[in-house]
Amino acid sequence: MSNDVEFNEDKPDKPRNIVKKLLTAFITLLLLAAIAAGGLWYYVTGELKPTTASEQEVRIKIEPGSSPAIIAQKLEQNGIIRNNTIFVWYLKWKGIGSKFQAGEYAMNPGITNDQIIEMLNAGQTVKEEMVRVTIPEGYTVRQIADKLAETGQFSAEQFLKIAESTTGQYIADAYRQIPQDSSITHHLEGYLFPETYEFVKGTTEEQVVERMLQELDKKLATIEGLDKQLDKLGVSFHQMMTIASLVEREVVVDKERALVSGVIYNRIKQKMPLQIDATVQYLFDKPKERLFEKDLQIDSPYNTYKIPGIPPGPIGSPSIESIRAALFPEDTKYLFYVTKKDGSKEHLFAETFEGHKKNIEESKKQANK
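Going by the numbering used here, the sequence shown runs without a break in its numbering and finishes at 421.
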């Protein structure tokens, strides 16, 4: 038997080959993962880049309660971001998005994600264009219509049409107090509270009316015991508002409002005609500088020279001070008053007609000084 060992050179080393194959596969997987990661990174960074810049402003409205995902969809739809999903991932990665504020935003394509985020966090919304208008106390519906038309945003004709309608659907409490009376010239007369208002451009005439009616509601809410006082006076809310409008037109000096109101109530109780010039002036499109005897004879339910008691409705929009005066008239025995001619715009008061005539003469003397 030979002592020589016989080697088979063609027989492979199996363990060594397996390791080699595993190592090759692992390296291949690493390379593929690196390539995939690189590709993903390239894709993500590309999708996070700003969109093509444009000077064309885009308006985006974010509703209250909108989630970051919904906001991202709107941004993509309007060309502000490239990919809403990746934008949301970006927000999560940075731990932001929960403080985005609702409103209308003006954005230009081409801004960065961080600029978008800054705008949304800060609530840099578009400031709505507003229309500012002041309605003076005592203004009639017709005067209010003209004042609104001066802004160039409202139609006086449309506003008057609304003010004359008896079928409006308004939520204001005061509106429901207006009686369905065909003798009322303008259904809403006296109920459109005089105030300085700001309206968003595009506001309709109906919305203006609703706002003014609600403003009256708000002011009336500051008067305690309103209903109880109406019962005490024995008048309806509408009658009280009518008296308030008379006080508004008759009085300039605040301290006299309750006193003049007391005179009006006294004359009503004694069934005397109120003989208030402003009720006659109300019959004309524009006030006259002077009323003549023929004007005082005009046949109208508003003419307090011919009818006893108060007109069928207000003759203008009273201030809250005049409304308070109509609700809480001063206890007085006066039945007459005449304007002083000394420039003070105050009145001289009298209990009797004889005393009233003396006051008229006194007023004339003041005018001649």
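The C-beta atom is built at its ideal place from N, Cα and C for all residues, glycine as well.
Here the structure is a predicted model, which is why all the values come from computation and not from measurement.
Going along the chain, which unbroken runs of the beta strand (DSSP E) with 3 or more residues stay wholly within the segment 314-398?
-> 388-391
Identify which residue in Val185, Ala215, Val315 and Lys144 has its Cα closest to the Cα of Glu202.
-> Val185
Cβ distance (whole Å) where Pro364 is taken to contact Asp233 below 8 Å = 5 Å
Run through DSSP, which three-state label would Thr76 get?
-> helix
Is there contact between the segment 142-151 and the segment 164-176, where contact requires at least three CB pairs shorter than 8 Å?
-> yes
Indicate the three-state DSSP secondary structure (helix, strand or coil) for Ile187 in the structure shown.
-> coil
Could you have a look at Tyr249 and say whether DSSP puts it in helix, strand or coil?
-> strand
Reduced DSSP secondary structure (H/G/I, E/B, other) of Val261 = helix
Which runs of the beta strand (DSSP E) fall wholly inside the segment 122-196 and span at least 3 residues, in chain order?
-> 155-159 and 182-186
Helix or strand or just coil, what does DSSP make of Val299?
-> helix
Measure the alpha-carbon distance for Glu308 versus Leu400 and round it to whole angstroms.
-> 10 Å
State the Cα-Cα distance for the pair Asp269 and Thr137, rounded to the nearest angstrom.
-> 49 Å
Of the listed residues Pro360, Ala224 and Pro188, nearest to Lys323 (C-alpha basis) = Pro360
For Leu400, write down the residues that DSSP places opposite it in a beta bridge.
-> Val390
Cutoff 7 Å: Gly155 Cβ touching any chain B Cβ = As a matter of chain content, chain B is missing from the structure shown, which is built from one protein chain.
Hey, Tyr222 and Leu265 are a contact pair by Cβ (cut 8 Å); roughly how many whole angstroms apart?
-> 5 Å
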